[in-house]
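>
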Amino acid sequence: MSEHILVEREQGLLTLRMHRPDKKNALTRAMYSRMAEVLDAAQEDREVRAVLITGGEECFTSGNDIVDFLQEPPTGMDSPVFQFMRALFDFTKPVVAAVSGPAVGIGTTLLLHCDLVYVSCDAKLKMPFVNLGLCPEFGSSLILPRLLGHAKAAELLLLGEGFTGEQAASWGIANAALENGAMTFARAQEAARRFLDLAPSALEVSKRLMQAPGREELRRVITEEGELFGQRLRSPEAVEALSAFTQRRKPDFSKFV
0 MSEHILVERE
10 QGLLTLRMHR
20 PDKKNALTRA
30 MYSRMAEVLD
40 AAQEDREVRA
50 VLITGGEECF
60 TSGNDIVDFL
70 QEPPTGMDSP
80 VFQFMRALFD
90 FTKPVVAAVS
100 GPAVGIGTTL
110 LLHCDLVYVS
120 CDAKLKMPFV
130 NLGLCPEFGS
140 SLILPRLLGH
150 AKAAELLLLG
160 EGFTGEQAAS
170 WGIANAALEN
180 GAMTFARAQE
190 AARRFLDLAP
200 SALEVSKRLM
210 QAPGREELRR
220 VITEEGELFG
230 QRLRSPEAVE
240 ALSAFTQRRK
250 PDFSKFV
């Protein structure tokens, strides 16, 4: 529900906080809808100069709420999760992320669309799409091979290997890794506030220029990934993997060979 997304405003800084601690900030359709709504409103609000996305000092997000996804999987690009992706992808103002603890699935891929990312050293980032019978999303199949090279990207996307905040910083996914969650949020907030003293139009033009090369290709990839992700959610492999996850057992893919 929307109460799991907290919105705070201080001068020109809008902080969007995922707040569902009992479920490790697992994301539901309602939460995606609210985040898209907040970003769209912030885009049009001239008083908002920058956005800070966080999940708190202990956990960023454990990714999608599996039960919620199983009950009503996204069926098109107008689904809440894709509306959130569109809102973040098209957001023209600076976006900063503060990441502590688990950052799973879209909790990692959304960082690829933020301008500055600060993580705690013990953050646990992971994109276990194939492990759940799914496929990469939010442009990660294009961005990560270009950023990290095919071999490293294959470890993260094909094997679903996790990595730490320190690794994220060393690979260029994050700007810096801080000692703990409190220090991470403070550093991200400090960076976000710096944007408040800069010329807003100059920032928007500069961000657009930085994103321009390959942007339409990336948009096409996000759409293709989204369509395939929706198909995969309804596939026998995904049903087995997600059911096994909820039943706390190992999935059996042998019958699909």
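Just so you know, we're using numbering that gives the first Met the number 0 here: the sequence shown kicks off at 0 and counts up by one.
By construction, the Cβ of each residue, glycine as well, lies at the ideal position given by its N, Cα and C atoms.
Quick caveat: nothing in here was measured; it's all calculated off a predicted structure.
Count the other CB atoms, across all protein chains shown, that sit within 10 Å of the CB of Met0; report buried if there are 16 or more and exposed otherwise.
Residue placement at Met0 cannot be trusted, given a pLDDT of 48 that sits under 50; what the coordinates show is reported in the next sentence. Classification of Met0: exposed, given that the 10 Å Cβ count is below 16.
> What do you get for Lys23, buried or exposed, if any count of 16 or more other CB atoms within 10 angstroms of its CB means buried?
The residue is buried, with at least 16 neighbouring Cβ atoms inside 10 Å.
> Along the chain, where does the beta strand (DSSP E) that runs through Glu226 open and close?
Careful: Glu226 lies outside any beta strand (DSSP E), inside the alpha helix (DSSP H) at 214–232.
> Less than 8 Å between the beta carbons of Arg48 and Leu12, yes or no?
Going by C-beta atoms, Arg48 is nearer than 8 Å to Leu12.
> With a 10 Å radius around its C-beta and 16 neighbouring C-beta atoms as the bar for buried, classify Asp64 as buried or exposed.
When all chains shown are included, Asp64 counts as buried.
> Pairing CB atoms from the segment 184–194 with CB atoms from the segment 142–155, are three or more of them under 8 Å?
These segments do not touch.
> Taking Ala167 as the reference, give the member of Gly225, Val98, Gly132 with the closest Cα.
It is Val98.
> Given Val37, which residues of its chain have a CB within under 8 Å of its CB, disregarding the five upstream and five downstream residues?
Contacts found: Ile4, Val6, Leu13, Leu15.
> Compute the Euclidean distance between the alpha carbons of Ala40 and Leu87, then round it to the nearest angstrom.
Going from the Cα of Ala40 to the Cα of Leu87 covers about 12 Å.
> Just to confirm my understanding: we take Asn179, look at its own chain, exclude 5 residues before and 5 after, and list those with CB closer than 7 Å. What are they?
For Asn179, where only same-chain residues beyond five positions count, the Cβ hits under 7 Å are Ser119.
> For Phe17, write down the residues that DSSP places opposite it in a beta bridge.
For the sequence presented, residue 17 should be read as Met rather than Phe. Beta-bridge pairing links Met17 to Ile4.
> Are three or more beta carbon pairs between the segment 66–74 and the segment 116–132 nearer than 8 Å?
No contact exists between the segment 66–74 and the segment 116–132.
> Do the segment 77–97 and the segment 26–36 touch if we need at least three Cβ pairs shorter than 8 Å?
The segment 77–97, when compared against the segment 26–36, does touch it at the 8 Å Cβ threshold.
> Identify, in the order they occur along the chain, each residue of the same chain with its Cβ nearer than 6 Å to the Cβ of Leu110, setting aside the five sequence neighbours on each side.
So the list reads Ala96, Val116, once near-sequence residues are dropped.
> Roughly how far, in whole angstroms, is the beta-carbon of Val103 from the beta-carbon of Gly62, given that I think they are within contact range, below 8 Å?
Rounded, the Cβ-Cβ distance is 4 Å, consistent with contact.
> Would you check if the distance between the CB atom of Met76 and the CB atom of Thr222 is smaller than 8 Å?
Against a cut-off of 8 Å, the Cβ pair of Thr222 and Met76 comes out as a contact.
> On the DSSP letters alone, give me the boundaries of the alpha helix (DSSP H) that Lys151 sits inside.
Unbroken alpha helix (DSSP H) run through Lys151: 149–156.
> When the Cα atoms are used, what is the spatial distance from Gly148 to Gly138?
Distance between the alpha carbons of Gly148 and Gly138: 15 Å.
> Which word fits Met209, buried or exposed, when buried means at least 16 other C-beta atoms lie within 10 angstroms of its C-beta?
Exposed, since its Cβ has fewer than 16 Cβ neighbours within 10 Å.
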